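In the numbering used here, the protein residues as written are 1364 to 1563.
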C-alpha cells in the first residue's frame, strides 16, 4: 500500500496519520523519540504492510508484474493500489475525497514538529501540489512513477508502468476490490487492541 491507502486506514487519529507518514523515513532508534501515539501509528503502518505483502490477491498481482518490472513489481503494485482506491473512492468512503485529503494535510501539518527537518520542508509543497489528489488521475500516477524512477538503481524496470496498468486494468481492479475489504477488517481488529503506548 502507498500513502493514500495508509492514510485512509489510519484516518481515525491524527497521530496514526503522522505515524503512517513517518514509518518509511525513520530508522528504529529515531522512532523511539516520538510520542507514543505516533509510534502506534508506525506500528499500524507495519501491520498494514505485513497483511498486504502476504495477501493472495496481492501476491497474484505482483507475480503478474514480475516479468515486466522485476524487483520493483511490489512497489509498482503499491502505487497502483492508491490509484484504485482513489477511483473506487465512493465504494469505500462516504466522505468526499477533497474533504478527506484536506483532513490528512491538516493532520500531517499538526504533527510537523516531530518530523525530520527535510520532511518539514517538503510537506507544504506536497499539499500545495495536490500530492494525494494526484493518485486519482492517470497523469498524476504517471508523474509519481517518474519521481520514483529518479530514486531507483534500475529505473529501466519502471519503464512502461502505465502501459502495464492499461493492459491489466480489469484484473488489478478486481483483485484490489477483493483485497481491500479484507485489509479494512484486519485493521479494524488491530485498532480494537491498540492503545498500549503511553502519551509520551
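The beta carbon of each residue, even a glycine, is placed where N, CA and C say it ideally should be.
It should be emphasised that the depicted structure is a prediction, and the values quoted were computed from it without experimental measurement.
Going by C-alpha positions, residue 1411 is about 13 Å away from residue 1374.
Excluding five sequence positions before and after residue 1527, the CB atoms of its chain that fall closer than 8 Å to its own CB belong to 1428, 1431, 1432, 1439, given in chain order. Only residues of its own chain outside the window of five on either side were considered, and among them 1439, 1508 have a CB closer than 6 Å to the CB of residue 1524, listed in chain order. Of the residues 1451, 1541, 1557, the one whose Cα lies closest to the Cα of residue 1419 is 1541.
A direct Cα-Cα distance of roughly 31 Å separates residue 1464 from residue 1516. Judged by DSSP in its simplified three-state form, residue 1452 adopts helix.
By the C-beta density criterion, residue 1406 is buried, having at least 16 other C-beta atoms within 10 angstroms. Our two residues, residue 1479 and residue 1456, have alpha carbons roughly 32 Å apart in a direct line.
With respect to the 8 Å criterion, residue 1468 and residue 1490 are classified as neighbours on the basis of their beta carbons.
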